[in-house]
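Novice: Chains as they are written, first to last, in my numbering: chain S, 1 to 418; chain A, 1001 to 1418.
1. Please confirm whether residue 9/S has its beta-carbon closer than 9 angstroms to some beta-carbon of chain A.
2. Is the number of C-beta pairs between the region 1314 to 1325 of chain A and the region 1344 to 1352 of chain A that are closer than 8 angstroms three or more?
3. Could I get the ranges of all uninterrupted beta strand (DSSP E) runs contained in the region 95 to 180 of chain S, with 3 residues as the minimum, in chain order?
4. Quick check: the region 1373 to 1385 of chain A against the region 1331 to 1342 of chain A, are at least 3 beta-carbon pairs closer than 8 angstroms?
5. Between residue 1162/A and residue 1044/A, is the Cβ-Cβ spacing less than 9 angstroms?
6. Going by CA-CA distance only, name the one from 1283/A, 1298/A, 1300/A and 1299/A that's closest to residue 1306/A.
7. Output the distance between the C-alpha atoms of residue 9/S and residue 1398/A, rounded to the nearest integer angstrom.
8. Using a Cβ-Cβ distance under 9 angstroms, would residue 4/S count as near chain A?
9. Would you mind telling me which residues of chain S sit closer than 9 angstroms to residue 1090/A, beta carbon to beta carbon, in chain order?
10. Under the three-state reduction of DSSP, which class applies to residue 1066/A: helix, strand or coil?
11. Please confirm if the region 216 to 227 of chain S is in contact with the region 1106 to 1123 of chain A, defined as three or more CB-CB distances below 8 angstroms between the two stretches.
12. What's the gap between the Cα of residue 1014/A and the Cα of residue 253/S?
13. Going by the CB atoms, is the gap between residue 164/S and residue 420/S shorter than 9 angstroms?
14. I want to see whether chain S comes within less than 9 angstroms of residue 1149/A, judged by CB atoms only; does it?
15. Using the beta-carbon count (16 or more within 10 Å), is residue 29/S buried or exposed?
16. Spell out whether any CB of chain S is found under 9 angstroms from the CB atom of residue 1234/A.
17. I need the straight-line Cα distance from residue 1079/A to residue 1173/A, nearest angstrom please.
18. Cα-Cα, which of 91/S, 19/S and 267/S is closest to residue 193/S?
19. Measuring only the C-alpha atoms, how far is residue 1414/A from residue 1364/A?
20. How would you write the range of the beta strand (DSSP E) that residue 1051/A sits in, first residue to last?
21. DSSP state of residue 392/S, grouped into three classes?
22. By DSSP, does residue 417/S sit in helix, in strand, or in coil?
23. Along the chain, which unbroken stretches of the beta strand (DSSP E) at least 3 residues long are found entirely within the region 1319 to 1378 of chain A?
24. Secondary structure at residue 4/S, three-state DSSP: helix, strand or coil?
25. Determine the extent of the alpha helix (DSSP H) in which residue 1240/A is found, giving its start and end residues.
26. Can we say the region 176 to 188 of chain S touches the region 239 to 251 of chain S, given the rule of at least three CB pairs closer than 8 angstroms?
27. Along chain S, in chain order, which residues have C-beta atoms closer than 8 angstroms to that of residue 1321/A?
28. By the 9 angstroms beta-carbon criterion, what residues does the region 326 to 348 of chain S contribute toward chain A?
29. I want to verify the contact list: residues of chain S whose CB lies under 8 angstroms from the CB of residue 1054/A, in sequence order.
30. With 8 angstroms as the limit, tell me which residues of the region 1219 to 1245 of chain A have their beta carbon closer than that to any beta carbon of chain S; keep them in chain order.
31. Anything in chain A within Cβ reach of residue 164/S, meaning under 8 angstroms, just list it in chain order.
32. Is it true that the region 1085 to 1098 of chain A meets the region 1152 to 1159 of chain A, where meeting means three or more beta-carbon pairs spaced less than 8 angstroms apart?
33. In this structure, how does DSSP classify residue 30/S when only helix, strand and coil are distinguished?
34. Does any C-beta atom of chain S lie closer than 9 angstroms to the C-beta of residue 1119/A?
35. State whether the region 1116 to 1132 of chain A contacts the region 1074 to 1088 of chain A, with contact taken as three or more CB pairs (one from each stretch) at a distance under 8 angstroms.
36. Going by beta-carbon coordinates alone, are residue 144/S and residue 1183/A separated by less than 9 angstroms?
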C-alpha cells in the first residue's frame, strides 16, 4: 500500500487498525501485593477461605445466647452471669453456657455457643459479677458470620481486573500476597529527524533539542505502560529501519515521532511498507493537529508514525495509543463498558469565538478561568510546532469534523490533562 | 485535651487541624527529567534561551524575501532563481540575495536575509533553475520567529507546578534536563490491634490478616506520596508509643489504623496525648463510616488515629489524608483553585431509597449500572468491617449530614475510585 492514501476520520482509522490487528494474550508474571497497585490480574482469584474465618462481634458488648435476652426491657431486665472476657486475637477460653455473658470487644471472636452480642450501651454490670440487660437481641444480632464478607471457593476477583488500593487490602485479607498479573505493555519510542539532538546537548544552528521522547514517555507511563526509548535517528533509511525492526521484536507497539516535513514522513511510511505485511494501513487522519499520522502493522504489531509537532504527538497519543495500550494491557474496565470516560472532564463555556477547519476533528488546547461561578475556556493558540501552548493549556476540547467552530458562550466539554 | 470530646463535622475537623498545624516548607532534591513525572517544582524555572533559537519554517516550501513576491498571482507569477536548499539540522550555506529562493523543509532554519516562506503548493519549479510563485507572502509568513514559543529570561514554570508529560517535553526543549523538586511527602503507617497478623501468615482462631496497611499504602502511592510501613503492633502502650515517636521523626505525617474497639481507640488517643502538645485535637468526626477518627498534632506533625474498619480507612484517607498530603507536597494546583475536583466524578440516579443517619455525613459505596442510557447507583451495603463492599463498589456518594437520605431516582454525584 505505497503512496499517499486519503485522510480518514478518527473512528475509521481505529476501525482499520482493528481489522488488521488484534492484541495477543499478554505475557504473565507474578508480583507481590506491595508491587501490584495498578496491575491487571492475569487470572481469576478464588478465595481459599471464608472471611471472616470465625464469627466476629461488630460491637463492644457481651456475647450471649440470644434466647437468654428475649423479653428483656428497662422495666424487666434480663440478668446474666459474667463469665469472663474475650481477648482480641484469641479464641475464648471456654464455651458459653446458658445464663452466661462474656465481654467481647468489636472484632472479637464469639465464644462457642454464643449467637449474638448485646451492645455495651444496653447493659450494666452489677457488683455480684452479674450483667443487667435492658434490650433483647435476635439470633445473629451484632455478629458478622463466617463468609459474610466472602465465602471459601467464591471468585474474589476476575481476570482483567485492575488492582486498586482497596483490592490490595481485600487480597491481603484472604491471604493472597502474590498475584498473577499481565506484563505491562511496552511502547518503543523512536525519535527521527536530522535536526534533533539530545536535550542535554547544546544545539548547533539549525538543530533543536529532543522534546517528544520526554512527552511521549510521560504519557506512556501515565497510561500504565513502559516506554522503551530507542534513541534519536537522523532521516536515513538504514538506521531507522533497523531501530523499527529491533523495536518490533522487543515491544508490543512502536511509535516513531518525526519532523513534520514531507521527506521525513515519506521515509517513515516507506520503512513501514518495506517491513510490510500489510505495512501502512492509514496514511493521514482528519484530525487537527496531527493530520499526517501514519498507522501501520508490521510483524503483527502496530507501528505509528506521529508528526513531530509536540501538540500533535499528545493528541495522537490520546486518540490512538492510549486506548491501544489499554487494550494490550488486558484490562477489562467495567466503567469503560458503561461509557464512563477514563479521564477527568469538566464543562466550560467558550470565552471566544473559535472557527475550525471543516472536515477535520479539531483538538483545541484550552486554558480554564473561573468567572461568575462558571468556568470559561480560552483557546490556547499558537503557530504549529510550538511546545509551550500545551504547557499553558489545562486540557483540550474537541470540535467535531462537521462543525465550523464554536461560538463564544457555547458549552464545551474539556478533557483535563492527567 | 484528655478524654472524649464531642464529634465535630468534617469541615470543622479540617479547620481545627489547620489551626494547629501548618505544613513546613518541603525539602528539596534534584532529579533528572526522566524521573520528574508527577513531581512538584521546588523553584521557578526560567528559560535561558529563546525557543525556537532561530527562525524556522512552518511549511515545506521556499525561503524568500517577501518583497520579491508582492503582487504575484496565477496570471502574473513572480519568478525567482533557485539558489539551493536548506538541509534539516543545518544552517543554510549562504545568505539569500534579492531575487533568490531557497528550498526549505518544515522546521528548517531560515537562511539569513529570508523573511518568509512560500508554501510548496503555491510554487512550480521550472527547468532553468527558476521558481514560479503564484501567491505573495507577507513578511514573517510561515515562519516561527525566535522566542515565539518562549523568550530567553521568561518564566517557563513556577514553583509548586506539578510536572505533566508535556511539561517534561517543554523542559527538554529549553535544555533543562535536571529539575529541583520538592521531596515527596512520607506518611508513616502504624497498624495496631492484637488480633492482626501479617497477611502472609496463617491466622490462629481469633486472629485476622492485615488488610489496612495494603489499602492505605496504595492510597498513599496514588496520592503521589511515599508510604512508610512501620509494622503491626499489639494493643500495648510501649511499643506503639515508640513506633509513633520514630514515625514522627522520620515522616511528615502518621496514620495509625486500629481495631475499632473502644480499648484500642483509647490507647491511640492516650499515646497521642502523652506525646502531646497539643496531642489530640479532634476525637470523633460526624462521618459514616469513620466516626471514631482521632486527629492529633505531635511534634508539629499531624497524627491520625483511623478506625480499623477498612471502608472507614478509605473514607478518612480521602477526607483528611489525601488533601493533607497534597498540601505537604507543596503543589499549587491551578484547577483546585478553580474548584475543579482532582478526582473523577459522574452523575447517576439512585437505584433504591437509602436512609441515612441524620447528623452525620454519610459516605456510601455504590455500584454503577447502565440502564436506559442512564447510570444507576446501587448502594453497596454490608455490616461494619467488611472488606469486599469496597471491592464491589465503583465509587462513593456523599449524603450530607442534614439530609435524612436519598430517594430512589434522585440524582447523585459519584466520586469514582482512582
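For glycine and all other residues, C-beta sits at the position ideal for the given N, C-alpha and C.
Specialist: Inspection of the coordinates gives the following:
1. Working through the first chain from its first residue, we reach residue 9/S at position 9. Among the residues facing chain A, residue 9/S is not included, as its CB has no counterpart in that chain under 9 angstroms away.
2. The region 1344 to 1352 of chain A and the region 1314 to 1325 of chain A do not touch, with fewer than three beta-carbon pairs separated by less than 8 angstroms.
3. Qualifying beta strand (DSSP E) stretches, in chain order: 100 to 104, 116 to 119, 123 to 126, 130 to 133 and 155 to 157.
4. Short answer: they don't touch.
5. Position 162 of the second chain, counted from the start, is the residue given in the question as residue 1162/A. Position 44 of the second chain, counted from the start, is the residue given in the question as residue 1044/A. Against a cut-off of 9 angstroms, the Cβ pair of residue 1044/A and residue 1162/A comes out as no contact.
6. Looking up residue 1306/A in the second chain gives position 306. Answer by Cα proximity: 1283/A.
7. Mapped onto the first chain, residue 9/S falls at position 9. Mapped onto the second chain, residue 1398/A falls at position 398. Here the C-alpha atom of residue 9/S lies approximately 41 angstroms from the C-alpha atom of residue 1398/A.
8. For the purposes of this step, residue 4/S is taken as the residue at position 4 of the first chain. Residue placement at residue 4/S is flagged as unreliable, the pLDDT there being 48, under the threshold of 50; the coordinate-derived value follows with that caveat. No, because no Cβ of chain A sits closer than 9 angstroms to the Cβ of residue 4/S.
9. The count along the second chain starts at 1 and reaches residue 1090/A at position 90. Ordered by position in chain S, the residues that pass the 9 angstroms Cβ test against residue 1090/A are 194, 195, 204, 205, 206 and 207.
10. For this step, residue 1066/A is matched to residue 66 along the second chain. When secondary structure is reduced to three states using DSSP, residue 1066/A falls in the helix class.
11. No contact exists between the region 216 to 227 of chain S and the region 1106 to 1123 of chain A.
12. In the second chain, residue 1014/A corresponds to position 14, counting from 1. In the first chain, residue 253/S corresponds to position 253, counting from 1. For residue 1014/A and residue 253/S, the distance between alpha carbons rounds to 47 angstroms.
13. Lying before the first or after the last residue shown, residue 420/S is absent from chain S, which here runs from 1 to 418.
14. For this step, residue 1149/A is matched to residue 149 along the second chain. Yes, its Cβ sits closer than 9 angstroms to a Cβ of chain S.
15. The residue labelled residue 29/S in the question sits at position 29 within the first chain. By the neighbour-count rule (16 or more Cβ atoms within 10 Å), residue 29/S is not buried but exposed.
16. Stepping through the second chain from its first residue, residue 1234/A is reached at position 234. Contacts with chain S at 9 angstroms (Cβ-Cβ) include residue 1234/A.
17. By 1-based counting over the second chain, the position of residue 1079/A is 79. By 1-based counting over the second chain, the position of residue 1173/A is 173. Residue 1079/A and residue 1173/A have their C-alpha atoms roughly 38 angstroms apart.
18. Within the first chain, numbered from 1, the residue matching residue 193/S stands at position 193. A check of alpha carbon separations from residue 193/S across 91/S, 19/S and 267/S identifies 267/S as the nearest.
19. Locating residue 1414/A in the second chain gives position 414, counting from the first residue. Locating residue 1364/A in the second chain gives position 364, counting from the first residue. Answer to the nearest angstrom: the Cα atoms are 9 angstroms apart.
20. The residue labelled residue 1051/A in the question sits at position 51 within the second chain. For residue 1051/A, no beta strand (DSSP E) segment is defined, and its DSSP state is neither H nor E.
21. By one-based count along the first chain, residue 392/S stands at place 392. In the structure shown, residue 392/S falls within a helical segment according to DSSP collapsed to helix, strand and coil.
22. Within the first chain, the letter at position 417 stands for residue 417/S. Three-state DSSP puts residue 417/S in coil, outside helix and strand.
23. Segments of the beta strand (DSSP E) lying fully in the region 1319 to 1378 of chain A: 1345 to 1350 and 1361 to 1371.
24. Counting from one through the first chain, the residue named residue 4/S turns up at place 4. Confidence at residue 4/S is low in this model, with a pLDDT of 48, below 50, so the placement of that residue is unreliable and no value is reported for it.
25. Working through the second chain from its first residue, we reach residue 1240/A at position 240. Residues 1237 to 1250.
26. By the Cβ test, the region 176 to 188 of chain S is in contact with the region 239 to 251 of chain S, since at least three Cβ pairs between them sit closer than 8 angstroms.
27. Here residue 1321/A corresponds to residue number 321 of the second chain, with the count starting at 1. Residue 1321/A does not reach chain S, its nearest Cβ partner there being about 12 angstroms away, counting only Cβ pairs nearer than 8 angstroms.
28. So the list reads 334, 335, 337, 338, 339, 340, 341, 342, 343, 344, 345 and 346, given in the order they occur along the chain.
29. Counting from one through the second chain, the residue named residue 1054/A turns up at place 54. Correct list: 205 and 206.
30. Taken in chain order, the members of the region 1219 to 1245 of chain A whose beta-carbon sits within less than 8 angstroms of a beta-carbon on chain S are 1219, 1221, 1222, 1234 and 1235.
31. Mapped onto the first chain, residue 164/S falls at position 164. The contacting residues are 1218, 1417 and 1418.
32. Judged by pairs of C-beta atoms under 8 angstroms, the region 1085 to 1098 of chain A does not touch the region 1152 to 1159 of chain A, as fewer than three such pairs exist.
33. Here residue 30/S is taken as the residue at index 30 of the first chain, counted from 1. Here residue 30/S sits in strand by DSSP.
34. Reading the second chain from its first residue, position 119 is the one you call residue 1119/A. The Cβ of residue 1119/A sits no closer than 9 angstroms to any Cβ of chain S.
35. Yes, since at least three Cβ pairs between the region 1116 to 1132 of chain A and the region 1074 to 1088 of chain A fall closer than 8 angstroms, the two stretches touch.
36. As a first step, residue 144/S is located in the first chain; it is residue number 144 there, counting from the start. As a first step, residue 1183/A is located in the second chain; it is residue number 183 there, counting from the start. No, the pair does not count as a contact, with Cβ atoms beyond the cut-off.
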